[in-house]
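Here the structure comes first, spelled out in C-alpha cells, and everything after it is commentary.
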Amino acid sequence: MLLQLCLGPVLGLAANPLAVGPVVVVWALALRLAPRWASPLAFATATAVILVSVFRAGAEVPAAALVPRVELTVPQLDLEALVGIALPLYLVTMASQNVPGVAVMRGLGYEVPWRRSMLVTGTGTLLGAPLGGHGVNLAVITAALAAGPEAGEDRSRRWVASATYGMVLVVLGLGAAAFTQLIGLAPEGVIAAVAGLALASTFVSSLRAALAEPAEQIPAGVTVLIAASGVAVAGISAAFWALLAGLLLRALLQRR
C-alpha cells in the first residue's frame, strides 16, 4: 500500500514535471539540510504551486464554498444498504486498514493490542454512525506517518505525533471546505507527489524490517508484490490478499 503511494512523485514527474518538480527539489534539499521539515516544506511548496496555477488559470472559487457549514441529516436504517454497503465496507475496512495498520505498526517495532483496539474503534464507529461519521479504524497511512522515523528518534515518544495529529485535524476540519477546493484545483500529480514524499522514509523502514530475516525474505517479497499489484478480489483490496498469501507461503516454507 505504501509502495503505491510512494510512486506518486515518480508518476507525477513524468506527467507534469513543471508542477511536481519544485516539490521534489524542495523535499530533497530539506532532507539534506533539515530532515524533520522535509515533508512540511514539500507541502508548503505544493500549496504555492497550486496557488500559482490557480492565479495563472484565472479560476474563480465562490467564497461560500470556502466556509464550513453544518447540515443535519436524519439517519435511516435500510436493510438493502446494510447488506450492500455496510457489510462490504466493514470487510474492506478490516482488510485494507485494520490488518495492514497493525502490520505497519509491527514493522516499526510496536505491538498493537488487537482486541482492545477493535473494541475502542468499534465503539467509536457506533457512536459516530448516527451523526454521519465514517468508520473508526486503525488507519494504515496515519499509523505509518505517526509511528515512522519522521515522528522522532525516540520510539517511546512518538505518541506525541499522534496527539498532535489529532489536535491539528480538529483545526483542519474547520477548513475542510477550503482544502477540498484547493485540492480540486491542484495541477496533475502534485497532491500524490506530496503524499508519496511524506511516506518515503516510512516505506524504506517498513521494507527493511520486512526483509531483515533471510529466511522470510521470499514470503515478504511476495507480500509486497501482491500488495503493489493493486488487484482486488471479491471487493477486498490487495493488502488483504497479500498478507494472506505471504502468511501461507511463510507457513509452507517453515514446515519444509
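Going by this note's numbering, the sequence shown opens with residue 11, and the numbers climb by one from there. Where is the CB? At the ideal position from N, CA and C, for every residue including glycine.
Asked: What residue does the alpha helix (DSSP H) around Arg-125 start on, and which one ends it?; Found: 124 to 138
Asked: Kindly give me the distance between the Cβ atoms of Phe-189 and Leu-13, rounded to whole angstroms, as I take these residues to be in contact under 8 Å.; Found: Their Cβ separation, rounded to whole angstroms, is 26 Å, which puts Phe-189 and Leu-13 out of contact at 8 Å.
Asked: In three-state terms, what does DSSP make of Val-84?; Found: coil
Asked: Here's a check: name, in chain order, each residue in its chain whose Cβ is nearer than 7 Å to the Cβ of Val-30, leaving out the five neighbours to either side.; Found: Pro-19, Gly-22, Leu-23, Gly-199, Val-200 and Ala-203
Asked: Restricting to Cα atoms, I'd like to know which of Ser-127, Pro-140, Val-36 and Ala-44 is closest to Gln-86.; Found: Pro-140
Asked: Go through its chain and collect everything with a Cβ distance to Ala-40's Cβ below 6 Å, but skip five positions before and after it.; Found: Trp-47, Ala-48 and Leu-51
Asked: Can the beta-carbon of Thr-154 be found closer than 9 Å to that of Leu-235?; Found: Checking the displayed sequence, the identity of residue 154 turns out to be Ala instead of Thr. Going by C-beta atoms, Ala-154 is not nearer than 9 Å to Leu-235.
Asked: Figure out for me which residue from Val-122, Ser-211, Leu-257 and Val-80 has the closest Cα to the Cα of Glu-160.; Found: Ser-211
Asked: For Val-200, which of helix, strand or coil comes out of DSSP?; Found: helix
Asked: Measure the beta-carbon distance from Ala-248 to Ala-237 and round it to whole angstroms, keeping in mind my assumption that it falls under 8 Å.; Found: 5 Å
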